[in-house]
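Report on the structure given below.
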Amino acid sequence: MVERIPKEKINEIRQSIDIVDIVSEYVQLKKQGRNYFGICPFHSENSPSFSVSPEKQIYHCFGCHAGGNVFSFLMDIEGISFQEAASRLAEKANIQLAINPTINESRMPTEAEKMIKAHELLKQFYHHILVNTNKGQEAFEYLHKRNFTREMIDYFQIGYCLDEWDASLKFLKAKGFDEHLLEKAGLIIRGERNNNYFDRFRGRIIFPISDYKGNTVAFSGRILGEGQPKYLNSPESPIFQKSKTLYNFHNARAAIRKKQAVVLFEGFADCIAAFGAGVENGIGTMGTALTDEHIHLIKRNTDNVILCFDADTAGQTATLKAGEMLAGAGCDVRVAIIPDGKDPDEYIIKNGPELFKNEVISGSITFMSFKMRFFRTGKNLDNEGDRLDYIEKVLEEISKLDNPIERDIYLRQLADEFSLSIDALKQQQRKIYYSIRKDLPKGKEKRQQNLSVIKQDKKLPPAYYNAERLLIAHMLKSLSFSMKVQDALQSIPFHIDEHQAIVTYLYAYYEEGNLPDLSNFLNFIQDIHLKNIVAEIGMMSIADEISEKEFQDYIKQISKYHHELKLKEKIEEGKKAEREKDYLKAAEIYKEIINLKKSL
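Going by our numbering, the residue at position 134 of the sequence shown is 172; the numbering climbs one at a time, nothing skipped.
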């Protein structure tokens, strides 16, 4: 049984923690009016619809309708229990919680938790072998020759897997792990001939891979010396998906927030080399193209992205594709240009960390400037046909820019480069601009038609629905107002089941002697769906006071609908009595119907 935390302690934690500070560790928030807004961490979106209220100490997403207080936010984003969330928040607030950890952790761990635990133990085991044992000496010296400092090795927890068939397997089995689980996690392989298990990464330098929470979920192993494959990666598993994983994101998040920019590399090797050169806000994709999930994770923390991919053709093509995706998602994209066709690691080894940090990263160019360079690839600009194709392509890209000042800057660059008339270029650019947009009105018209159809099909909420929500919004702020509503409605319930459940919770909350406090009330409610609705209602903008006329109107709308339902019920009863030829009963029912109609 999970140990309960005293209500007084929960209140103390809640009053000591600002929800904005906690949410800001996961979401890039910007102040707009009284609230803060950002990209929702619970669903994919490009426009900020996630709102945090410092005044009410709650959050709500207008897109996916997630909502709650600081406890529920931490529970949802980290996938932890209320007790675990309270413990973490208490630690941040320097509040002592007398919870017996053996009781708190008494539940059986899930399969995913076991897999993560196995990875965490192996990470420590491999790192220990590399830095503390003779068997790791050769690997340690190899890394040293490759300019890996001890600081870098410790920071990234780089390790070494012994060149033995089952050293890792024996280590984990001694810790109580099952072979089938370890195989599913990608840590061991079953032999085809004898069905015996053996280590996946034997004889390799190990680079741990973490998820955005900091849990070790996979490894990449580099062979020591010659051999193939040069790098061996963990297969995808229940805890590791390349499309959702960005290398070093957990470590770099604080630096990304501080610098309000992220440097994106193609892989972890470049990311580590860049860290050694002083680039602390660097992250890397896991040998896969940039995905929407990656972009969503990035945008929760910053809108400014510097792409630093390999300088070869494949790397530059990947830069263009990633840049288009990021720009389309609303990011400000810049590109770090590496001279001489090198990758970041090679450049740092040859030219040193200072030049890389100060000239390559700090000297990054705009995405439009990169595209102008990229479109030159494979073209002979002394050839008239190639030159015209290039100019046309650049004008097309310039026409996609929303900022007229930017358009003017790049048009002038093009005019100077080819000794062309700026007026002629502007005239041609306008033609392309309107050509690109000539189909937009149709598209917009189509979208608007679709939207209008949706709006027509989706009926407006009835008057009693809005009345119930507005009453609840005021009831959340006032005990006396809640009692006034209860007296006015008497036996008439709220007609939306969720609304009735919320006010029932609210009456019980006040009966226990609690004062109006939205964040505290959210702790009182157990149902997640109801919590989301309460958070949504709590975010409504309402006046501090409600006039008596408004109050009576809301009560009237709820009562009116209640009587309408009763009327329908009585009409059906009357019809049934007539069908059964019980005319006396039918007459009595119709008298009741007349009275109900009068009341309406």
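Note that the Cβ used here is the ideal one computed from N, Cα and C, for glycine as well.
Under the three-state reduction of DSSP, P499 is assigned to coil, being neither helix nor strand. Cβ-Cβ distances below 6 angstroms link L112 to A123 in the same chain, with the five nearest sequence neighbours on each side left out; the list follows chain order. Separation of Y502 and I118 (C-alpha to C-alpha, rounded to the nearest whole angstrom) is 38 angstroms. M577 sits close to S91, with the two beta carbons spaced by under 9 angstroms.
Pairing H533 with H600, the inter-Cα distance amounts to about 8 angstroms. By the neighbour-count definition (other C-beta atoms within 10 Å, threshold 16), A360 is a buried residue. 9 angstroms or more divides the Cβ of L284 from the Cβ of L364. Boundaries of the alpha helix (DSSP H) harbouring V169: E149 to N170, taken from the DSSP string. Residue environment: L449 is assigned as buried (16 or more neighbouring CB atoms within 10 Å of its CB, all protein chains considered). With respect to the 9 angstroms criterion, V373 and F405 are classified as neighbours on the basis of their beta carbons. When secondary structure is reduced to three states using DSSP, L439 falls in the coil class, being assigned neither helix nor strand. Under the three-state reduction of DSSP output, V343 falls in the strand class. Checking the DSSP bridge columns, you'll see F111 has no partner listed. According to the DSSP assignment, C99 belongs to no alpha helix (DSSP H) but to the beta strand (DSSP E) extending over I96 to C99. Contact fails between the stretch 562-575 and the stretch 65-75, because fewer than three Cβ pairs, one in each stretch, are under 8 angstroms apart. Put simply, the stretch 289-302 touches the stretch 318-331. At least three CB pairs are less than 8 angstroms apart.
Spatial neighbours of P276 in its own chain (CB-CB distance under 6 angstroms, excluding positions within 5 residues in sequence) are listed in chain order as A150. Here the C-alpha atom of K388 lies approximately 41 angstroms from the C-alpha atom of K222. Bounds of any beta strand (DSSP E) do not take in Y250, whose DSSP letter is neither H nor E. A straight-line Cα-Cα distance of about 16 angstroms links T329 and E274. In the structure shown, Y74 adopts extended strand secondary structure according to DSSP, grouped into three states. The criterion of a C-beta distance shorter than 9 angstroms is satisfied by I43 and L135. According to the DSSP assignment, R372 belongs to the beta strand (DSSP E) that extends over D370 to V373. Residue pairing for F257: DSSP places it in a beta bridge opposite P246. As the crow flies, the alpha-carbon of E46 is around 40 angstroms from that of I247.
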